[in-house]
Structures are given as structure tokens and as C-alpha cells.
Amino acid sequence: MECCRWTTAGTLLLASLILSSRTARSEEDRDSLWDAWGSWSECSRSCGGGASYSLRRCLSSKSCEGRNIRYRTCSNVDCPPEAGDFRAQQCSAHNDVKYQGQLYEWLPISNDPDNPCSLKCQARGTALVVELAPKVLDGTRCYTESLDMCISGLCQIVGCDHQLGSAVKEDNCGVCNGDGSTCRLVRGQYKSQLSASKLEDTVVAIPYGSRQVRLVLKGPDHLYLETKTLQGVKSENSLSTTGSFLVENSSIDFQKFPDKEILRIPGPLTADFTIKVRYAGAADSSVQFIFYQPIIHRWKETDFFPCSASCGGGYQLTSAECFDLRSNRVVADQYCHYYPENIKPKPKLQECNLDPCPASDGYKQIMPYDLYHPLPRWESTPWTACSSSCGGGIQSRSVSCVEEDIQGHITPVEEWKCMYTPKMPVVQPCNIFDCPKWLAQEWSPCTVTCAQGLRYRVVLCIDHRGLHTGGCSIKTKPHIKEECVVPTPCYKPKEKLPVEAKLPWYKQAQELEEGTAVSEEPSFIPEAWSTCSVTCGVGSQMRLVKCQVLLSFSQSVADLPIDECEGPKPVSQRACYSGPCSGEATEYTPEETQLLYGSLQEFDELYDWEYEGFTECSESCGGGVQEAVVTCLNKQTREIADETLCVSSRRPPQLLKACGLDPCPPR
Numbered sequence: 046m047e048c049c050r051w052t053t054a055g056t057l058l059l060a061s062l063i064l065s066s067r068t069a070r071s072e073e074d075r076d077s078l079w080d081a082w083g084s085w086s087e088c089s090r091s092c093g094g095g096a097s098y099s100l101r102r103c104l105s106s107k108s109c110e111g112r113n114i115r116y117r118t119c120s121n122v123d124c125p126p127e128a129g130d131f132r133a134q135q136c137s138a139h140n141d142v143k144y145q146g147q148l149y150e151w152l153p154i155s156n157d158p159d160n161p162c163s164l165k166c167q168a169r170g171t172a173l174v175v176e177l178a179p180k181v182l183d184g185t186r187c188y189t190e191s192l193d194m195c196i197s198g199l200c201q202i203v204g205c206d207h208q209l210g211s212a213v214k215e216d217n218c219g220v221c222n223g224d225g226s227t228c229r230l231v232r233g234q235y236k237s238q239l240s241a242s243k244l245e246d247t248v249v250a251i252p253y254g255s256r257q258v259r260l261v262l263k264g265p266d267h268l269y270l271e272t273k274t275l276q277g278v279k280s281e282n283s284l285s286t287t288g289s290f291l292v293e294n295s296s297i298d299f300q301k302f303p304d305k306e307i308l309r310i311p312g313p314l315t316a317d318f319t320i321k322v323r324y325a326g327a328a329d330s331s332v333q334f335i336f337y338q339p340i341i342h343r344w345k346e347t348d349f350f351p352c353s354a355s356c357g358g359g360y361q362l363t364s365a366e367c368f369d370l371r372s373n374r375v376v377a378d379q380y381c382h383y384y385p386e387n388i389k390p391k392p393k394l395q396e397c398n399l400d401p402c403p404a405s406d407g408y409k410q411i412m413p414y415d416l417y418h419p420l421p422r423w424e425s426t427p428w429t430a431c432s433s434s435c436g437g438g439i440q441s442r443s444v445s446c447v448e449e450d451i452q453g454h455i456t457p458v459e460e461w462k463c464m465y466t467p468k469m470p471v472v473q474p475c476n477i478f479d480c481p482k483w484l485a486q487e488w489s490p491c492t493v494t495c496a497q498g499l500r501y502r503v504v505l506c507i508d509h510r511g512l513h514t515g516g517c518s519i520k521t522k523p524h525i526k527e528e529c530v531v532p533t534p535c536y537k538p539k540e541k542l543p544v545e546a547k548l549p550w551y552k553q554a555q556e557l558e559e560g561t562a563v564s565e566e567p568s569f570i571p572e573a574w575s576t577c578s579v580t581c582g583v584g585s586q587m588r589l590v591k592c593q594v595l596l597s598f599s600q601s602v603a604d605l606p607i608d609e610c611e612g613p614k615p616v617s618q619r620a621c622y623s624g625p626c627s628g629e630a631t632e633y634t635p636e637e638t639q640l641l642y643g644s645l646q647e648f649d650e651l652y653d654w655e656y657e658g659f660t661e662c663s664e665s666c667g668g669g670v671q672e673a674v675v676t677c678l679n680k681q682t683r684e685i686a687d688e689t690l691c692v693s694s695r696r697p698p699q700l701l702k703a704c705g706l707d708p709c710p711p712r
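Right under this line is the structure:
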């Protein structure tokens, strides 16, 4: 019975083993239908990224599952600039082959959205486009701005790690699978400031290694380049025609239009580029720019410094130095502190020279650093004030070597005891940002629509952060107004027009004064007058007058100090007249008369004497006279006003005319 139980269990185990063996054999059989992979073929290109393949043979009389060919990328090194474009080389190979009985010089057609892996070429100087081959050579880029490559006529995805099928991409800094921390986005705008003494100006300096550079100039002026290599070699390019070309081995794409210019540089730049503008017309131009600037100063961890003790157990530390990636040398820490993205690594500590000293009885116990006698260290006084508030200055401090005992008492010691770490600098640059400078914005339209007038612009003192500030020299401030001429003749209107056809001067003045709008030129902006302080007679009105400017970049209104506005400040108090008080004669002292009519001169044009017909004839017959009636009239409303409002105008002379000239009937 025991035997039978063992036999049953053995049978089940044997069946399980047989089933597992058959499954494994079926997988082996499937793989064994293929021969081993062959060796890799020669790369399709010697540089710039090509493709290589490997084959295997199916050993079964039936079809095998899977593919008989596999690919990998190869020769993933940049080609020299003189090598030219790979697709262009394939087109030019047909230059010696007649097409429809004629020879052509063929140029590549790139970035075909429908079939990027066919060889389409265009005959130079014509509109003729021909597909010269159904497939480009393996390794040809599908698109000019992509690593994807054509293999066997199909576009295959290639990551920045140069692996087929990889989705890994470069960040904006050009680092494969990076996080964008090694560069920073720079964007800004430049506006030309025409000057008789200047024919050109600098727009922006773009340092070595920058990427994705794009500039757009709008206006009549022209862009041009100045470059300086790391070896100090300088050159200039005038950017006179549209096209793509190389400048210091950096690919440049330039487009020139009648009213604008566009400059694109994919990068990375192989030199320092300075973009300048050359003035070409009377109108102003603006340039918008954007690029990714590499962080060229980064912290670099040092090796461990020498051990603090030669035996018996000591400590050694690492530090971090600010490293210039362009010159491959150590610079002052201040340069690395300039980038907020840079975080200085913390020092590392390790034990060293643990062997007992010869004079010691035995092993010296090593305590944790924070519990053991601390090492001597450098200690510094606070930095002195900077020698300059902007534009670069110097500040200093004193540095000494100190030692702290286990009770926390600090005493100065010889400097050699601190030499296991670099001595802190005693001098450093400070306030290296640019000094505030004047920034002139665009001119306003001319104040007239014909002949000669004035135009204005806002001139602000801007600091290195782009904020409005003080501190600019008034001697260098650009002028805020200038004459302008509108080439349209002015036509003098006819003198004799109905009064209603002329908008009274007083109304114009009121609208100009009360409706003053905030502009990009600092100007006095008066608020509305308060109501008259009295309900009749002579009183006063008050208002608040501010110096304000419209910030064009934020479209917000900013209050400025009063002295920032030029020209006379509008009055904040004036006299007002509310009409005669009821039941009282309208009489004023000389002082009140001067106050009232000296402050209300604008009434001169609003109120005036006018003739309003004649009185009845003094006689009905035999000859009489009529006297002209003179009234004080509001020329806006055509209503009769109190005569005191016309007191400053000359009263017209008395007019008489004869009437009732018919002879009287006999009595």
C-alpha cells in the first residue's frame, strides 16, 4: 500500500517533468529554427551617424517566426564642416547622369512630410523637382532638425543616446536626457536710439556654447555679427543676403525682408557672438532676442586634502572649487555664486592614517568628527563695503587660522595648521552688475496733423534687473522731446463762421486739461477739480496733481517723484465763481476782483458781449431813436449770463438808430 502511494506520487511528478520538458523544448525548437546571428556589416557612413545590420538564416523548411535582420547605429561622431550634407551628396551624385536628355545640378529637398526617406532633388535655377531614388542611403537623417534616420526606406526613431527606438531627447541645454539645469533662458528686447554721433549699436552679447538663438529685427536698420573665438581671433559678418552659411563653424540661417530681419542659430556657438545693429533710416527699430545660455561656471569637487595627522588617526576633507568650463581653470567662488542654480557641494570627511604612531603604546581610537577635537580652520572677518555701488568694485577681509578646543574656546594658531584646506580669498569682486542707465522708449505720434509740431518719449532710469530706479547721470539723459514735421500743408479756415461752428477755446482747454491720459512719457496727471467751496460768490477749488508714467512692458501706471516730470506743474488750487448770491449786489473788493478774474481768464473766451436787438422807438412818429441792447452771453449755451462774467471783455460801444420817421398826423 505504501508502495502504491509512492508510485502514484512518482507518476504525477514524472508527468509534470515531461510537460515542463516539452514546453522548454518547444521554445528551444523555435529558436533553433534560426541560425546564429551573423557579424555586423560595415557602417553605411564614416561619420554623422550611420546604420549597420546583421543577418541570420532560417534553418527550417517552413517559415520562421521573427525577423532575419537587425540594425544598430554606428559612426556616431560629428562630421567635419567641409563634409557637407549627406542627402546633398546623394543628389549631387546624379549631376553626371542626364535626365530627359539634359544634365542638371541637383539640390536636396529636405523635410518631406509625406515620404522623408525618398531622394527628392531640385534642379538648380528651375522649379523642376524629381524623385531620383525611391530610398535614400541608410543613415540619412529623416529631417534636418532630428536624429531620426532612414533605414531601408523607412524612418526609424533614434534617441539622443544614438540608440534605435530610443525616446531619450536632449534638453534645452543640449544634454542628453538632461534636466535643463546646465543652462538658463535669456530673453529680452532692444530698441534703437538714433543719434547723430552713432552709426551702430550693440544689441546683445551671446556667449560661447549658447543654443537655440533667435533674433527678430523690425524696422529699417540692419543686423550684423562680430565673433571672437576662445583663442582671441575676431571676425565680422555683414549678413547682407538671405541664406544659410557657416560663421566660425556655427550654422547660421538668415532671412532678410523689406521691413524685418530674422536670425537663427541652432548652436552650440563655437565662439562668442556679439549681435549689433547698423542704423539705416530715420525711423526707430526694435530687436527681440531669445537663447539658452550655458552656465559656464560650475562647482567642481576636489580630491581629499592631506591627512591632518601622519599616524595615530586623522581626518581629511574635500572641498569645492569654482571651475570655468571654457578655460578649464579655477576662478573665484563669486562667479559660481552668480548662478542661483549652482549649489556648492558639502565637504566630505573621512578617517586616515589609522596606524599607531611609533611612540604610542597602542591603537589610537578614532572618534566621530563632531565629537572629536575639531580641526583648525580658517575664520574670516566680514567683508568691507564695496568700493563701488555698481559696475564692479572690490571688497576685502582678513582671514586667520584658528583652533577650537573641546570646551569651545577659540584661539589663533599658525597658518600652516590650516593648510589642509585652501585659504579663503581676502579680496573679491563685488557689485559686478551694470550701473543704472537711461532707457528711451518709442516716440509718440507728432502733436500736429500738419506742418511742424513736437513728439515725446519716455526716458526711464533702469537698473540691471530692468526696474525703474534712480542714480542715472542727468548729463547723459536722452532728450524727451523733439520737433517733428508732418508733410501735410495746413489750410487756414475762413474767418467768418457761425459761432456754433467753432468749438470754444475754453471747452478745448477743459477737455485737454481734465482728460489728460497717462502716456509712456512722464507727465503731470491732474485729477478732477473738487466742487466750489461756496454755493455763491467767489470760492476755491482743489485737485491732486501726480507725476505718472505708463510702463509699456507691463501696461501699468507708476507714480514717479515730482521732479521726474518736465514742464510746468498744473495748478492744484484755483478760484471759482458760483454766481451772485441772491438778494445781494454783485460788488467785490479790488483784491477779490483780481483773484476772481486773474484765475478765470479762460472765461474771456466763454463769455462775451453781444447785441440782442434794439429797444422800442422813443417816438411813434415825427422822428425818434432806438438803442441797441447789449447782453453778456454764454457762447456755448447761448444763454444770457450775469454781466460780471463779461467784465474782462470790452463792452461794445452804444449804438443808436433813427426810427418813427413818418410825419405825425395833424392834431
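Residue numbers for the sequence shown, in the working numbering: 46 to 712.
Where is the CB? At the ideal position from N, CA and C, for every residue including glycine.
Residue i - DSSP class collapsed to helix/strand/coil
i       : result
Gln-149 : As written in the sequence, residue 149 is Tyr, which differs from the Gln given in the question. DSSP places Tyr-149 in coil when its eight states are reduced to three.
Phe-318 : strand
Ile-202 : coil
Gln-238 : coil
Gln-257 : strand
Ser-137 : helix
Thr-576 : coil
Asp-608 : helix
Pro-403 : coil
Asp-246 : strand
Ala-603 : strand
Cys-463 : helix
Tyr-384 : coil
Cβ shell of residue i (< 8 Å), same chain only, five flanking positions each side left out
i       : result
Ala-328 : Gly-264, Pro-265
Ile-507 : Pro-481, Lys-482, Trp-483, Leu-484, His-513, Thr-514
Nearest residue (CA-CA) to residue i, options the options
i       : options                            : result
Leu-260 : Ile-519, Arg-102, Ile-307          : Ile-307
Lys-462 : Asp-224, Asp-123, Trp-82, Cys-446  : Cys-446
Cys-397 : Val-332, Phe-349, Cys-435          : Phe-349
Thr-363 : Trp-344, Gln-379, Lys-107          : Trp-344
Thr-521 : Ser-489, Lys-482, Pro-313, Arg-186 : Lys-482
Trp-151 : Arg-696, Val-590, Ala-133, Ser-441 : Ala-133
Val-181 : Val-213, Phe-131, Ile-202          : Phe-131
Gly-516 : Glu-609, Phe-318, Leu-192          : Glu-609
Arg-422 : Asp-141, Glu-271, Gly-437, Glu-448 : Glu-448
Gln-486 : Tyr-235, Ser-99, Tyr-383, Val-203  : Tyr-235
Cys-119 : Ala-128, Ser-99, Ser-106           : Ser-99
Thr-456 : Arg-442, Asn-387, Leu-420          : Leu-420
Pro-252 : Ser-285, Val-292, Ser-295, Ala-316 : Ala-316
Gln-586 : Gly-511, Gly-705, Pro-571          : Pro-571
Asn-387 : Asp-369, Ile-154, Asn-294          : Asp-369
Assigned exposure category for residue i - 16 Cβ within 10 Å defines buried
i       : result
Pro-708 : exposed
Arg-90  : buried
Lys-468 : exposed
Gln-361 : buried
Phe-336 : buried
Arg-30  : Nothing can be reported for residue 30: it is not among the residues displayed for the chain, which extend from 46 to 712.
Thr-660 : exposed
Arg-256 : buried
His-524 : exposed
Pro-161 : buried
Per DSSP, cross-strand counterpart(s) of residue i
i       : result
Gln-618 : Met-587
Ala-496 : Val-531
Pro-474 : Ile-439
Trp-654 : Cys-677
His-267 : Arg-323
Trp-344 : Cys-367
His-513 : Ile-507
Own chain, CB closer than 7 Å to residue i, minus 5 neighbours either side, in chain order
i       : result
Asp-246 : Ser-237, Lys-321, Val-322
Glu-528 : Gln-497, Leu-499
Ser-71  : The predicted model places Ser-71 with a pLDDT of 44, which falls under 50 and marks its position as unreliable, so this point remains unresolved.
Cys-367 : His-342, Trp-344, Val-375, Val-376, Ala-377, Asp-378, Tyr-380, Cys-381
Thr-227 : Cys-218, Val-220, Pro-339, Ile-340
Gly-225 : Asp-216, Asn-217, Cys-218
Pro-153 : Asp-130, Arg-132, Ala-133, Cys-136, Cys-166
Close-in-space but distant-in-sequence residues of the same chain around residue i (CB under 6 Å, 5 per side omitted)
i       : result
Gly-582 : Cys-626
Glu-460 : Cys-446
Ala-250 : Thr-319
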